[in-house]
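Scroll down for the structure; my scribbles are underneath it.
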Amino acid sequence: MKIDEITSLFQSAFLNTSNDSSNFIDIRHVSVDSNNILEDAAFCALKGASTDGHLYCQQAVDNGARLIISENKVDVEIPNLVVKDLSKELNVLIEKLYPLGREFRGLIGITGTNGKSTIATLIKKIYDELGENCGLIGTILYSDGIDEEIATHTTPPYHSILRLLNQASQKHINHCVIEASSHALSQNRLGNLKLEAAIFTNLTQDHLDYHETIESYEKDKLKLLDYVSENGIVIVNLDNNFGKKINQLCKKNVVSVGRDSNAKYLISEEKLNIEGCDFKLTFSNHSYDVKTQLIGNYNIDNIAQVIVFFTELGYQIDDVLKIIRKFKGVSGRVERVCIDSSSGPQVIVDYAHTHDAMDNVLKSVAPLKKHDLWVVFGCGGDRDRKKRPLMGAVSEQYGDRIILTNDNPRTEDPLDIIEEVEKGFTTKSFNIIPDRKQAIEFAISNADDQDIVMILGKGHEDYQILGDRTIEFDDRIVAKAALEKRKIGS
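The sequence shown runs 348 to 837 under the numbering used here.
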């Protein structure tokens, strides 16, 4: 798109440039991140809550931007389009650049405190196995159905979503699943998209550093309903109050699942072990046996909602169940770390970083232990402080041996974070090892062969944020090395 075409889209805009050849520039992409400039991209200098994009215009130029779009004039050597109320008008440009993305119809949105990544990944897996490739926009990766990118946010900005959907449409992909975070819904990152289905998992305390109250958090989560198309479906779990509330208040086509006798799809006869779960799902006077390699009651909830989704869309449930049996899980979600040895403790890495997620995973794993359950975890710095003692209390409830450590302390003092976690304990029955690598090594080297070691909080993440530095760090790599070292020493 030529610059004069872009200028004409805005109600109040003028071009600040001395470059006579500016209109020969063809803009194909936009970015709001000065470090992530695609070829032939315009950088949009937006004012955020904590920073101002105007400060990064030169960096964007250095990284290849062809045009700067800003609310204030900036001194750069490339064309600068000055637009009044840019943040309010930007979507017009985004939708012109990615028209196929704007019209994408096979969208599935998922929100809730926990379970989004597992449900999203499994939906994609089933579509792919059925020969109908599916895109994915979520915590772990972005995919247009064919090619993948590293995820930068659970839900990226609207321009990134439309770009991915535009690519998916060009590649004849008809489905895409999106994890919708509360931040994204609060900031309207889904723009003008419409969903064929919305899945609500659960709602427990998280992100109160941003939302301030649980009521505000819930209100933002419920905004996903606004994106559901007229003929779309809404899937809820009646085992939690969040699902019950939507089931009662929502005027759209709501489909319920759960152990509650009022649910359309009824979960029963649950059996759990360290290798996975079995349960029955009953609907329309038929019962189906479901087998999965995933661990935990909460994964029964996740899988049941996926089955509901495909059944409501008319897919054969037997085909779906076969794929679920083979599904080995999501990166960093109850992921077992193993080496070629029959000895040593069971080591499991999980992304649980809220008290509710910890409760879910520890409650599921604790009954499976043969001896002690070790819990290694920390709490993120510069994030919701209210959940820290709650996470401490949950670890004490289920864990026999607990190690408090770092988990992205950011700009906070790690020991200050740990001190707040300690407030949730009734006794001093824990170790403090701030260095996360040392904490993991200590647990694995001291655990009995019959023990289970749970390493919580980071899951799939391959980094640690210390102050203003981001270093490479992967719980799974550290744990595997510790198991190898233990094997050699035994």
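The beta-carbon is built from N, C-alpha and C at its ideal position, and this holds for glycine as well. Just so you know, these numbers come straight off a predicted model, no measurement behind them.
Residue j beta carbon less than 8 Å from that of residue i
{"i": "residue 796", "j": "residue 691", "result": "yes"}
{"i": "residue 462", "j": "residue 645", "result": "yes"}
{"i": "residue 585", "j": "residue 594", "result": "yes"}
{"i": "residue 739", "j": "residue 694", "result": "no"}
{"i": "residue 641", "j": "residue 679", "result": "no"}
{"i": "residue 350", "j": "residue 447", "result": "no"}
{"i": "residue 647", "j": "residue 614", "result": "yes"}
{"i": "residue 639", "j": "residue 671", "result": "yes"}
{"i": "residue 482", "j": "residue 522", "result": "yes"}
{"i": "residue 439", "j": "residue 356", "result": "yes"}
{"i": "residue 780", "j": "residue 829", "result": "no"}
{"i": "residue 486", "j": "residue 464", "result": "yes"}
DSSP state of residue i mapped onto helix, strand, coil
{"i": "residue 495", "result": "strand"}
{"i": "residue 579", "result": "strand"}
{"i": "residue 457", "result": "strand"}
{"i": "residue 538", "result": "coil"}
{"i": "residue 789", "result": "helix"}
{"i": "residue 589", "result": "helix"}
{"i": "residue 813", "result": "strand"}
{"i": "residue 349", "result": "strand"}
{"i": "residue 856", "result": "There is simply no residue 856 to check, as the chain begins at 348 and stops at 837 in what is shown."}
{"i": "residue 600", "result": "strand"}
{"i": "residue 627", "result": "strand"}
{"i": "residue 558", "result": "Its pLDDT being 49, under 50, residue 558 is placed unreliably by the model, and the measurement read from it follows with that caveat. Here residue 558 sits in helix by DSSP."}
{"i": "residue 819", "result": "strand"}
{"i": "residue 516", "result": "helix"}
{"i": "residue 643", "result": "coil"}
{"i": "residue 399", "result": "strand"}
{"i": "residue 508", "result": "helix"}
{"i": "residue 771", "result": "coil"}
{"i": "residue 836", "result": "helix"}
{"i": "residue 563", "result": "helix"}
{"i": "residue 606", "result": "coil"}
{"i": "residue 594", "result": "helix"}
{"i": "residue 381", "result": "coil"}
{"i": "residue 776", "result": "coil"}
{"i": "residue 755", "result": "coil"}
Residue range of the unbroken alpha helix (DSSP H) whose run includes residue i
{"i": "residue 362", "result": "Premise fails: residue 362 lies in the beta strand (DSSP E), 360-363, not in any alpha helix (DSSP H)."}
{"i": "residue 549", "result": "No alpha helix (DSSP H) holds residue 549; DSSP gives it neither H nor E."}
{"i": "residue 799", "result": "No alpha helix (DSSP H) contains residue 799, which is instead part of the beta strand (DSSP E) from 799-803."}
{"i": "residue 533", "result": "529-533"}
Best match in the options for proximity to residue i [C-alpha to C-alpha]
{"i": "residue 408", "options": "388, 657, 694, 525", "result": "388"}
{"i": "residue 516", "options": "781, 492, 550", "result": "492"}
{"i": "residue 432", "options": "419, 441, 444", "result": "419"}
{"i": "residue 459", "options": "529, 608, 426", "result": "529"}
{"i": "residue 548", "options": "489, 358, 652, 753", "result": "652"}
{"i": "residue 470", "options": "400, 654, 580, 593", "result": "654"}
{"i": "residue 456", "options": "442, 801, 484", "result": "484"}
{"i": "residue 381", "options": "398, 684, 365", "result": "398"}
{"i": "residue 565", "options": "613, 542, 532, 699", "result": "532"}
{"i": "residue 494", "options": "601, 513, 390, 808", "result": "513"}
{"i": "residue 667", "options": "405, 475, 790", "result": "475"}
{"i": "residue 697", "options": "804, 505, 383, 715", "result": "804"}
{"i": "residue 394", "options": "362, 591, 435", "result": "435"}
{"i": "residue 845", "options": "726, 672, 560, 630", "result": "This structure cannot speak to residue 845, because the chain is shown only from 348 to 837."}
{"i": "residue 392", "options": "522, 372, 362, 430", "result": "430"}
{"i": "residue 598", "options": "580, 615, 489", "result": "580"}
{"i": "residue 683", "options": "482, 423, 831, 799", "result": "799"}
{"i": "residue 681", "options": "385, 710, 536, 508", "result": "710"}
{"i": "residue 626", "options": "572, 611, 605", "result": "605"}
{"i": "residue 761", "options": "623, 724, 444", "result": "724"}
{"i": "residue 422", "options": "437, 402, 451, 410", "result": "402"}
{"i": "residue 921", "options": "467, 473, 611, 478", "result": "Because the chain in this structure spans residues 348 to 837, residue 921 falls outside the shown range and cannot be described."}
{"i": "residue 807", "options": "773, 497, 526", "result": "497"}
{"i": "residue 443", "options": "506, 384, 414", "result": "506"}
Range covered by the beta strand (DSSP E) that runs through residue i
{"i": "residue 748", "result": "748-751"}
{"i": "residue 738", "result": "First-last for residue 738: 734-745, but that is the alpha helix (DSSP H), not the beta strand (DSSP E)."}
{"i": "residue 522", "result": "522-526"}
{"i": "residue 388", "result": "388-392"}
{"i": "residue 635", "result": "633-639"}
{"i": "residue 372", "result": "First-last for residue 372: undefined, no H or E at that position."}
{"i": "residue 619", "result": "612-620"}
Chain C within 8 Å of residue i, Cβ atoms only
{"i": "residue 493", "result": "Of the protein chains in this structure there is only one, and it is not chain C."}
Residue i beta carbon near the ligand SAM (any heavy atom closer than 7 Å)
{"i": "residue 773", "result": "Ligands in the displayed structure: none, and consequently the ligand SAM is not present."}
- Task: Tell me the start and end of each unbroken beta strand (DSSP E) in the segment 655-729 that is at least 3 residues and wholly inside, in chain order.
- Result: 682-684, 693-697, 720-724
| message | Threshold first: 3 residues or longer. Then list the beta strand (DSSP E) segments lying entirely within the segment 406-488, N to C. | response | 414-417, 427-430, 454-458, 481-484
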